[in-house]
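Colleague: The structure under discussion is supplied below as structure tokens; questions concerning it will follow.
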Amino acid sequence: MTSVTIAPGSADISAAPRITGSGKGRAWAYVARKAGLLLLTLWAAITLNFILPRLMPGSPADAALAKLAQNGPVSDATKAAIEAQLGVPTGNILEQYVAYLHQVVTLDFGVSYTFYPQSVSELVSTALPYTLVLVGVVTIIAFVLGTLLGVLAAWKRGTWLDTLPTLAGSFASAFPYFWTALLLLFFAGYVGRLFPTSGAYGPTASPQFTLGFLGDAIYHAALPALTILITSLGSWILGMRNTMISTIGDDYVTFAEANGLKPRTVALRYAARNAILPNLTSFGLALGGVVGGSILVERVFGYPGIGYLLFNAVTNQDYPLMQALFLMITVSVLIANFLVDILYGVLDPRTRR
Amino acid sequence: MKHPTRRRLGALVSAIMLTTGLAACSIQIESAPDPSIPKDTMLVAADNGSPLFERNFNPYMTNKRTAAFYMYEPLVVLDNVTGEEHPWLATGYALPDPSTVVFTIRDGVKWSDGKPFTPKDVAFSFDLLKKYPTFDLQGIWTYIDTVETSDTTVTVHLKAPDVPAAQLIATTLIVPEHIWKDVPDPSTFRNPDPVGTGPYTLGNFAAQQYTIDKNPTYWQADKVAAEHIILPATNTQLDVATKGYDWAYSFISDVDGAWVGAGNKNTYWFPPGGTVALFPNLTKAPFNDLNVRQGLSLALDRKAVGDSAAEGYMDVAGQTNILLPYQQSLLDPSIPDSGLVTQNQQKALEYFAQAGYTQQGGKLVDASGTQLSFTITTANGYNDWLKGVQEVQKQWGAIGIDVKVSSPQPAAYQLALRNGEYDLAMGGTGGTGSIFRDFNSLLSSDYLKPVGQEATNNFERYSNPEADDLLAQYKLAVDPEKQKQLGYQLQNVVYNDLPILSLYYGGSWGLMSDAKFTGWPSAADPYASPKTYESTPLLVLTHLKKVNDD
Amino acid sequence: MSTQSIPPSTRAVRAIEEASIAPAPSPLKVVLRVASTVWSNGKARIGIIILGLMILIAVFAPLLAPYGARQNGFDRSADASAAHWLGTTAAGEDVLSQLIWGAQISIFVGLVAGLLSTVIAVLVGLSWGYVRGFGADVINFIVNLFLVIPGLPLMIVIAAYLSGGGIGMIIVVVVITGWAWGARVLRSQTQSLRSRDFVTAAVFSGERPFRIVFREILPNMTSLIVGNFFGAATAAILAEAGLEYLGLGDTTVVSWGTMLFWAQNSNALLTGQWALLFAPGLCIALLATSLTLINFGVDGISNPRLREGSKR
């Protein structure tokens with residue numbers, strides 16, 4: 001999953017929710033019901049995460065052997081040695097499932113097959129900061145910038161301030177991620193030699209909290225960040241613009257205008273504030289999806305984040321790593337979803353039914 | 001809104017025109033070495049992080065850093081292109097009888113921490129593999145019974161007479177006893193500060209790049225030209241072509257234009273590293289019929305298949321499982337045309353007729369009128385194989401066979417191959433550098449497993465008492481001349497019985513630059529494989545000369 | 001859903017507005033009204049023209065393409081020339097011909113996968129919105145599950161499982177991972193419609209639930225469904241390209257996605273064949289843009305405020 005996972009979420013909410021008080025008991029019942037559903041979905045997702053990798057034909061050892069076999073015949077003992085090295089699961093599927101549930105509860109996913117003898121937690125904790133910073137920061141920038149441009153577009157409807165961002169945004173968001181990434185990489189990286197072509201920091205540097213390293217890291221994140229920004233900005237602009245246009249026509253906005261408030265005040269204080277709500281939902285979910293990183297972008301730029309790790313895990317059938325990553329992504333999306341639901345329940349009591 | 005619309009449409013059209021126009025001019029990539037890299041330092045694309053490096057120099061792990069091969073050495077380096085053995089930590093070995101191997105250990109070799117290297121280290125390393133079978137990737141303990149040492153020798157007693165096993169055992173990497181004996185759990189030991197006998201020791205290590213430095217106490221230090229080697233974690237083809245790499249192992253499309261054309265005195269050498277072949281499933285009709293295999297073989301234009309697969313950079317492979325031209329001396333001279341099979345559709349149809357297949361309305365049909373139809377299995381992502389298969393599909397289609405292609409993910413492909421659940425499969429064979437192993441893994445009925453059970457070798461499920469007998473004799477043959485004669489006979493088995501259909505040679509994609517170092521292996525001087533991993537780089541690294549030395 | 005999707009808020013707005021439409025208009029009228037409203041929007045008109053051109057190119061590929069898609073034997077990695085306007089690939093195939101033939105697959109996958117996921121979204125979304133109690137909870141649970149499982153990895157796993165299935169496999173993968181979002185939006189709309197007077201009236205007149213859902217409620221969601229279709233098709237086109245670029249599709253088929261795969265694989269940038277990388281990407285972007293642009297017009301169907309020229 002990539003940066004901008006805009007789920008429709010609770011998009012069925014009026015653009016101008018009214019906050020009203022209601023019985024405390026009902027509110028708690030609502031939260032409890034949502035929490036129950038959350039737990040059930042969580043269990044199902046966890047189980048699905050267990051089943052999915054095992055649906056793939058061939059075992060992790062087969063994947064490793066296929067790589068070796070490209071270089072020539074693999075000896076008789078190799079397979080057994082590799083299987084033993086990887087710790088390929090033994091026992092029947094039920095035993096594996098119980099062991100897996102134990103891992104989930106203790107959050108200890110053991111050793112990765114692909115990166116043996118590194119443990120899953122070691123790998124995830126190395127990769128996570130890069131993805132969180134890169135994809136997280138860009139998602140926030142894209143949301144803020146996109147929303148502002150969307151407000152502007154709706155407010156200055158029909159002028160170039162509307163047409164340009166809307167058209168450019170819809171065109172840019174139609175680019176395949178990896179394609180934008182490849183072009184940026186080639187022209188800014190190899191032809192122009194303006195930016196580094198791979199990695200999260202300079203080749204000889206090692207991660208530390210200094211200003212110099214930080215600058216280096218930002219310099220290396222520039223191209224991947226730009227790629228995600230270009231391809232995701234458009235949907236935020238369009239989303240905000242369209243809700244805003246609807247809100248501007250609402251009675252209370254007309255009323256405010258009739259009362260002689262300045263157009264700018266009306267646009268920003270009344271229309272934009274209410275129009276931003278549905279977009280906030282999408283934003284919450286997009287943030288939930290951040291931990292998934294951006295597989296295609298990270299792959300193209302050789303960026304050591306979760307997306308790259310996930311791709312390696314999936315293509316090498318690394319069950320422990322896959323399970324841990326899938327779990328992490330599902331849980332954060334679920335929690336984001338849950339929080340958004342609760343938030344909406346608070347802001348708009350009508351949805352509690 | 002009408003006019004802006006038209007203008008926008010105009011802009012789109014001009015954007016498309018611009019693209020087309022720009023396409024007319026192409027951009028030539030130039031190689032520009034990083035000026036901060038000194039002349040005595042080599043930039044090598046040998047190790048790929050995913051995308052970061054883990055500091056693992058345990059030579060017995062599959063996930064070790066590649067440079068562990070430049071730090072730990074075997075008793076004998078076997079070059080897989082020429083099939084030649086180079087005495088290394090052993091000055092030689094002898095087989096007083098087919099089940100005893102005596103290695104004479106080189107004197108004066110030191111570990112990089114200054115301690116002397118002794119036969120005890122060899123015995124310790126062998127024992128380590130016995131204790132931790134996960135380390136025994138080559139399976140040497142399937143042959144070894146016991147190991148004993150003297151001051152200068154290591155004697156290995158085999159479980160059964162097996163001359164070729166000596167070579168396999170000799171390629172085991174040796175670690176220092178004085179360090180490894182104190183490692184609490186070698187099976188998970190990442191050996192972050194490696195101490196070896198090899199030409200290089202670890203310099204700076206970072207997750208995205210590490211350097212190795214020349215070992216000043218190396219036993220042939222005078223032969224090592226490069227003072228430092230830099231190994232980055234990311235080596236895309238664009239990097240390799242633009243950043244002034246000295247050595248890389250990679251197939252670059254249009255290598256003359258993209259690599260040689262990039263300047264920096266770039267050269268390349270792509271010797272055969274194995275044979276790419278079609279494995280017919282011999283447990284299935286009609287592939288169990290030699291006439292059908294003959295027909296299929298003769299209907300192939302192997303040159304076109306090879307060209308299509310490797311863009312014309314690799315030669316067609318003869319039907320002998322021998323890598324030409326560098327193993328010419330091992331080839332049976334009586335096999336016509338060096339084993340090359342030329343396309344002959346007429347003869348192919350004659351063979352098919354003997355098997356009961358005749359052409360009817362452009363289709364090759366059996367007696368009941370059913371068209372000959374089967375699937376070729378290859379692995380997704382092995383693109384040269386896929387392109388080769390598509391060419392095969394075209395050629396067999398031309399004589400009326402209905403050929404389908406299936407390309408599952410590598411793991412699923414591997415499983416299908418091992419379980420014998422395929423009609424015809426693409427696969428690699430040979431190229432180990434050992435004639436015995438090349439043929440043993442292809443023909444030996446020891447590996448025979450019923451369909452549905454995993455076979456580790458002999459995927460085509462060939463069974464021939466004559467071949468088994470030849471292999472058994474080979475195990476007993478101490479005399480090189482006798483080995484050569486047995487090799488000839490094994491080649492004839494493959495040539496006449498077609499257990500596989502050879503297509504073209506799989507390449508060893510060596511990309512080298514003469515800018516800083518010369519003396520790379522080449523067609524004119526094929527002293528070693530140009531590959532950057534395993535032990536053959538030791539041959540290269542001790543053979544290079546600095547440019548200003550000339 | 002793999003990477004991008006249309007902004008939900010547009011759907012949300014549509015959903016609200018649509019609720020005010022009168023019950024059960026005649027299908028022909030709906031289609032005509034939809035068509036004329038969409039066409040009246042300048043952006044949508046560009047979209048329709050681009051899409052139309054691309055469909056024409058795909059349909060007439062046999063006439064337009066100078067060579068066959070897989071026809072090889074030309075010079076390898078050649079620059080653009082009179083014989084090969086966009087040069088040739090590393091395998092010696094004509095890039096322009098591949099581009100023209102490739103349109104067939106990309107458009108086909110986009111439209112079919114878009115259609116199928118819309119159909120599933122409509123069936124699930126409408127019944128979900130109509131039923132109450134346990135049934136709704138079960139559907140809610142399933143849809144949520146599909147929404148939270150990470151999309152691209154799920155696609156990769158399914159693609160690996162179904163490998164060798166070709167174009168059909170790609171469509172199945174894209175549909176499996178892409179229907180849930182639409183279902184959720186349509187369910188919300190159904191829920192808000194079911195409390196309307198005309199539905200209540202239908203219930204009292206004894207109509208069966210199935211008929212109420214598909215005869216009374218469905219026609220009132222035309223623009224939402226059409227919008228969902230274009231959104232799903234856009235996502236499908238981008239997902240197909242992403243999967244094929246990763247080498248998980250059928251690399252023997254010529255489509256824009258596989259062209260990009262082979263371009264990357266033979267390092268087209270390095271050999272200077274960058275039209276090979278540039279052109280298919282641009283075509284994918286144009287196709288996806290055309291669908292997004294058409295959606296601007298679809299937005300205007302039910303929400304007059306979003307029609308061009310109407311200032312409030």
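Chains as they are written, first to last, in the UniProt record's numbering: chain Y, 1 to 353; chain W, 1 to 550; chain U, 1 to 312. For every residue, glycine included, the Cβ atom is placed at its ideal position computed from N, Cα and C. Everything numeric in this text was worked out from a predicted model, so none of it was measured.
#1: Measuring straight from C-alpha to C-alpha, what distance separates threonine 258(U) and serine 407(W)?
#2: Below 9 Å between beta carbons is the criterion; list the residues of the stretch 382-413 of chain W that meet it against any residue of chain Y, in chain order.
#3: Buried or exposed, going by whether 16 or more other CB atoms sit within 10 Å of the CB of glutamate 460(W)?
#4: By DSSP's criteria, leucine 278(W) is part of a beta bridge. Which residues make up the other side?
#5: Can you tell me which residues form a DSSP beta bridge with phenylalanine 517(W)?
#6: Listing by chain order, which chain U residues have their CB less than 7 Å from the CB of serine 529(W)?
#7: Using beta carbons (cut-off 8 Å, strictly below), is isoleucine 230(Y) in contact with chain W?
#8: Let me make sure I understand the geometry here. Which of Pro196(Y), Thr330(Y), Ser119(Y) has the alpha-carbon closest to that of threonine 41(Y)?
#9: Identify every residue that forms a DSSP beta bridge with residue 565(W).
#10: Give the interface partners of proline 199(W) over in chain Y, defined as CB-CB distance under 8 Å, in chain order.
#11: Smallest Cα separation from alanine 367(W): which of Gly397(W), Gly356(W), Phe374(W), Ile376(W)?
#12: Which word fits aspartate 254(W), buried or exposed, when buried means at least 16 other C-beta atoms lie within 10 angstroms of its C-beta?
#13: With 8 Å set as the bound, which would you pick, yes or no: does the beta-carbon of arginine 211(U) sit closer than that to a beta-carbon of chain W?
#14: Does any residue of chain W have a CB that is nearer than 8 Å to the CB of threonine 159(Y)?
#15: Along the chain, which unbroken stretches of the beta strand (DSSP E) at least 3 residues long are found entirely within the stretch 373-425 of chain W?
#16: Starting from isoleucine 141(Y), trace the alpha helix (DSSP H) both ways and give me its first and last residue.
#17: Please name the residue, chosen from Ile342(Y), Phe109(Y), Ala99(Y), Tyr113(Y), that lies closest to alanine 61(Y) on a Cα-to-Cα basis.
#18: Buried or exposed for tyrosine 344(Y), please, with buried defined as at least 16 other CB atoms from any protein chain shown within 10 angstroms of its CB.
#19: In whole angstroms, what separates the C-alpha of isoleucine 105(W) from that of threonine 149(W)?
#20: What residues in its chain sit with their C-beta under 6 Å from that of glycine 83(W), if we drop five residues either side in the sequence?
#21: Just how far apart, CA to CA, sit tryptophan 101(U) and isoleucine 171(U)?
#22: Within the continuous beta strand (DSSP E) that includes asparagine 204(W), where are the two ends?
#23: For chain U, is any of its Cβ atoms less than 8 Å away from the one on isoleucine 144(W)?
#24: Taking Cβ-Cβ distances below 7 Å as the criterion, which residues of the stretch 174-200 of chain Y are in contact with chain U?
#25: Rounded to whole angstroms, what is the Cα-Cα separation between glycine 25(Y) and glycine 36(Y)?
#26: For the alpha helix (DSSP H) that contains alanine 183(U), what are its first and last residues?
#27: Could you list the residues in the stretch 129-155 of chain U with a C-beta less than 8 Å from some C-beta on chain Y, going in chain order?
#28: Consult DSSP for phenylalanine 338(Y) and reduce its assignment to one of helix, strand or coil.
#29: Take the Cβ of histidine 102(Y) as the centre, count every other Cβ of all protein chains shown within 10 Å, and call the residue buried at 16 or more, exposed below.
#30: I'd like to know if alanine 24(W) contacts chain U, where contact means its C-beta is closer than 8 Å to some C-beta of that chain.
#31: Would you please verify whether the beta carbon of asparagine 204(W) is less than 8 Å from any beta carbon of chain Y?
#32: Under the three-state reduction of DSSP, which class applies to tryptophan 180(W): helix, strand or coil?
#33: Which stretch, first to last residue, makes up the alpha helix (DSSP H) that contains glutamine 103(Y)?
#34: Enumerate, from N- to C-terminal direction, the unbroken alpha helix (DSSP H) stretches of 4 or more residues contained entirely within the stretch 147-223 of chain Y.
#35: Express the C-alpha separation of glycine 203(W) and serine 198(Y) in angstroms, rounding to a whole number.
#36: Can you tell which of Ala174(Y), Asn49(Y), Gly169(Y), Gly136(Y) has its C-alpha closest to the C-alpha of isoleucine 237(U)?
Modeller: Based on what the coordinates show:
#1: Along the third sequence, read from residue 1 onward, the residue named residue 258(U) stands at position 258. Along the second sequence, read from residue 1 onward, the residue named residue 407(W) stands at position 407. Approximately 14 Å, taken between the alpha carbons.
#2: Tyr382, Pro408, Gln409, Pro410, Ala411, Ala412, Tyr413
#3: Residue mapping note: residue 460(W) aligns to position 460 of the second sequence, counting from 1. Buried, since its Cβ has 16 or more Cβ neighbours within 10 Å.
#4: In the second sequence, the residue the question calls residue 278(W) occupies position 278. Answer is Met426(W), Leu501(W).
#5: Within the second sequence, residue 517(W) is the residue found at index 517, counting from 1. Paired residue(s): Lys546(W).
#6: As a first step, residue 529(W) is located in the second sequence; it is residue number 529 there, counting from the start. The contacting residues do not exist; serine 529(W) stays about 23 Å from chain U at best.
#7: The count along the first sequence starts at 1 and reaches residue 230(Y) at position 230. So, not an interface residue.
#8: One-based indexing of the first sequence puts residue 41(Y) at position 41. Closest option to threonine 41(Y), Cα to Cα, is Thr330(Y).
#9: Lying outside 1 to 550, the shown extent of chain W, residue 565(W) is not represented and no answer is given.
#10: Walking along the second sequence from the start, residue 199(W) turns up at place 199. Neighbours of proline 199(W) on chain Y: none; closest Cβ ~22 Å, over 8 Å.
#11: As a first step, residue 367(W) must be located in the second sequence, where it is residue number 367. The residue with the shortest Cα to Cα distance from alanine 367(W) is Gly356(W).
#12: Position 254 of the second sequence holds residue 254(W). Its Cβ being crowded by 16 or more others within 10 Å, aspartate 254(W) is buried.
#13: Residue mapping note: residue 211(U) aligns to position 211 of the third sequence, counting from 1. No - not a single Cβ of chain W is within 8 Å of the one on arginine 211(U).
#14: As a working note, residue 159(Y) is residue 159 in the first sequence. Output row for threonine 159(Y): interface = no.
#15: Within the stretch 373-425 of chain W, the complete beta strand (DSSP E) runs of at least 3 residues fall at 373-377, 402-406.
#16: Here residue 141(Y) is taken as the residue at index 141 of the first sequence, counted from 1. Its alpha helix (DSSP H) spans residues 120-155.
#17: Locating residue 61(Y) in the first sequence gives position 61, where the first residue counts as 1. It is Tyr113(Y).
#18: As a first step, residue 344(Y) must be located in the first sequence, where it is residue number 344. Result: buried.
#19: Residue mapping note: residue 105(W) aligns to position 105 of the second sequence, counting from 1. Residue mapping note: residue 149(W) aligns to position 149 of the second sequence, counting from 1. Distance between the alpha carbons of isoleucine 105(W) and threonine 149(W) is about 10 Å.
#20: Start at 1 with the first residue of the second sequence, and residue 83(W) comes out as number 83. Once the five neighbours on either side are set aside, the close Cβ partners of glycine 83(W) are Gln327, Gly433.
#21: On the third sequence, position 101 is the one that residue 101(U) refers to. On the third sequence, position 171 is the one that residue 171(U) refers to. Distance between the alpha carbons of tryptophan 101(U) and isoleucine 171(U) is about 18 Å.
#22: Numbered from its first residue, the second sequence carries residue 204(W) at position 204. 200-206 is the span of the beta strand (DSSP E), which, as asked, contains asparagine 204(W).
#23: Taking the first residue of the second sequence as 1, we reach residue 144(W) at position 144. Chain U, which has no Cβ nearer than 8 Å to the Cβ of isoleucine 144(W), makes this no.
#24: Ala174, Phe175, Pro176, Tyr177, Phe178, Trp179, Leu182, Phe186: these are the residues of the stretch 174-200 of chain Y whose beta carbon lies less than 7 Å from some beta carbon of chain U, given in chain order.
#25: In the first sequence, residue 25(Y) corresponds to position 25, counting from 1. In the first sequence, residue 36(Y) corresponds to position 36, counting from 1. Rounded to whole angstroms, glycine 25(Y) to glycine 36(Y) spans 16 Å at the Cα level.
#26: Residue numbering aside, residue 183(U) sits at position 183 when the third sequence is read from its first letter. Here the alpha helix (DSSP H) through alanine 183(U) covers 180-194.
#27: Asp137, Asn140, Phe141, Asn144, Leu145, Leu147, Val148, Ile149, Pro150, Gly151, Leu152, Pro153, Leu154
#28: Stepping through the first sequence from its first residue, residue 338(Y) is reached at position 338. In the displayed model, phenylalanine 338(Y) falls within a helix according to three-state DSSP.
#29: Start at 1 with the first residue of the first sequence, and residue 102(Y) comes out as number 102. Around the CB of histidine 102(Y), fewer than 16 other CB atoms lie within 10 Å, so the residue is classed as exposed.
#30: As a first step, residue 24(W) must be located in the second sequence, where it is residue number 24. Because alanine 24(W) carries a pLDDT of 42, less than 50, the predicted location of this residue cannot be relied on, and no value is offered for it.
#31: Position 204 of the second sequence, counting from 1, holds the residue named residue 204(W). Yes, asparagine 204(W) lies at the interface with chain Y (some Cβ there is under 8 Å from its Cβ).
#32: Along the second sequence, read from residue 1 onward, the residue named residue 180(W) stands at position 180. Here tryptophan 180(W) sits in helix by DSSP.
#33: Counted from its first residue, the first sequence places residue 103(Y) at position 103. Start and end: 93-106.
#34: 160-172, 177-184
#35: Here residue 198(Y) refers to the residue found at position 198 when the first sequence is read from its first residue. Here residue 203(W) refers to the residue found at position 203 when the second sequence is read from its first residue. Between serine 198(Y) and glycine 203(W), the alpha-carbon positions lie close to 22 Å from each other.
#36: Residue 237(U) sits at position 237 when you count from the first residue of the third sequence. Selected option, being the one with the closest Cα: Ala174(Y).
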